[in-house]
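Since the structure comes first, as structure tokens, the remarks are kept for the end.
Residue numbers (the numbering used here): -9 to 120.
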């Protein structure tokens, strides 16, 4: 099961939801504005990032600019408190399962969430068409 953390007004979030629906990938949708992420959710996501907070925080967001934050100065607990208070600090969508994490919508990268047999069948079809 895939977890899709989104904001309904986000265009990339709507694209990710539509892609998952089109490909029949089961997911659980989490609206980060009405259901703030839990501390455990954030810790699990952070544990899958390559660059830690830099991967999940939108430094271009208005709230980030307004708060004038230095990510390197924040402890994990301070970051989690901030994200709980200001969910718009997060880059969206956040797509994750037991192994994978994708921040933002990228049609090539999201394919990793397809079951292996589905990806193999697509590969065979592409090879046969070539």
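Ideal Cβ placement from N, Cα and C applies to all residues, glycine included.
Treat the numbers as computed from the prediction; the structure is a model and nothing was measured.
Helix, strand or coil at residue 97 according to DSSP, with G and I counted as helix: The residue labelled residue 97 in the question sits at position 107 within the chain shown. Residue state, collapsed to three classes: coil.
Quick one: complete alpha helix (DSSP H) runs, 4+ long, within the segment -8 to 63? 1 to 12, 29 to 38, 43 to 46 and 52 to 57
Please give me, in chain order, every unbroken run of the alpha helix (DSSP H) with length at least 4 that falls completely inside the segment 61 to 95. 66 to 75
For the 8 Å Cβ check, are there 3 or more pairs between the segment 55 to 69 and the segment -5 to 11? no
is_contact[residue 68, chain D] using C-beta, thresh 8 Å: The chain labelled as chain D is not found in the depicted structure, where only one protein chain is given.
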